[in-house]
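Note sheet for the following structure.
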Amino acid sequence: MQTQTPMRTYARAQTNALQYAVPGGLIGVGLTVDPTLTRADRLVGQVLGEVGKLPEVFSELEINFFLLRRLLGVRSKEGEKQSKVTKLSKGEVLMLNIGSMCTGARVLAVKHDLAKLQLTTPVCTKEGEKVALSRRVEKHWRLIGWGQIQKGLKMDMPPRPVD
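Start counting the sequence shown at 1; every next residue gets the next number (full-length UniProt numbering).
Here it is, written out as C-alpha cells:
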C-alpha cells in the first residue's frame, strides 16, 4: 500500500504572515521542505489547508458518471458523423480532473452509471466533488464525460510531528 506524508507549511505575503486567504487573491506559500520537492510543478494540484481540517485522501473512488454522446474536438472526415463515446470498460485507463489535480485512474468495475476507479496518485478530496473524465483518443486526452464522487477507499495518513 502506498503511503503519503503530509507537509507542514505556512502562508505569507512577501514578509507578512497571513491570517487567512480568500479565493481570487494571490499568495505565496513558504514551504519548510527541501526545495527539490517543489521543482518542475510537482505540487500542482495538491491541497493546502489548516492542520486537521483537510478532506480525506483517497486511493480508490466510486463515482456516479455521465458520458457525452459524441467526442469533442475530434475532426471527422467530410460527410462522416462525429465519433460516439463508447461505454467505460474494465481495465481501461482514464484521466481524472478533480479540482486542479490531474491523475490517472484504472477502471476496476462498471455497473450502469457507477464506476469504481483505482487512482495512480492519491487525491485529497471529499465525497460529492465533481470530476471530469478523459480518455486517450488518437494520442490525445479527450473529454468523454463527468461525474460525482460517491465514496472511496480512504488512506491512513500518518500524523506529522509538530515542528
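Beta carbons are placed, not taken as given, at the ideal position from N, Cα and C, and that holds for glycine.
The beta strand (DSSP E) enclosing residue i, as first and last residue numbers
i      : result
HIS140 : 140-154
GLU127 : Here GLU127 belongs to no beta strand (DSSP E), and DSSP marks it neither H nor E.
LEU94  : 93-98
Per-residue burial, residue i [other beta carbons within 10 Å of its own, 16 or more giving buried]
i           : result
GLU50       : exposed
LYS111      : exposed
residue 164 : In this structure the chain extends from 1 to 163, so residue 164 is not present and cannot be described.
ALA109      : exposed
PRO122      : buried
7 Å CB neighbourhood of residue i in its chain, flanking five on each side removed
i      : result
GLY152 : PHE58, GLU60, LEU61 and GLU62
ASN64  : ASP113, LEU114, GLY147, GLN148 and GLN150
CYS124 : VAL47, LEU54, PRO55 and VAL57
ARG69  : LYS84 and VAL85
GLY128 : GLN148 and ILE149
LEU72  : ARG142 and LEU143
LYS116 : GLU60, GLU62, LEU108 and ALA109
MET95  : CYS102, GLY104, SER134 and TRP141
Through-space distance from residue j to residue i, alpha-carbon basis
i      : j      : result
VAL33  : ASP113 : 42 Å
VAL131 : PRO35  : 31 Å
GLN4   : ARG39  : 19 Å
GLY104 : THR120 : 5 Å
LEU43  : SER100 : 11 Å
GLY45  : LYS90  : 27 Å
HIS140 : LEU37  : 28 Å
GLN19  : GLY52  : 17 Å
ASP41  : VAL74  : 29 Å
Residues near residue i in its chain [Cβ-Cβ closer than 6 Å; skip 5 each side]
i      : result
LYS126 : PRO55
GLY145 : PHE65, PHE66, LEU67, LEU68 and LEU133
ARG106 : VAL93 and GLN118
ASN97  : ALA132
Is the region 84-96 close to the region 133-152, with three or more CB pairs under 8 Å? yes
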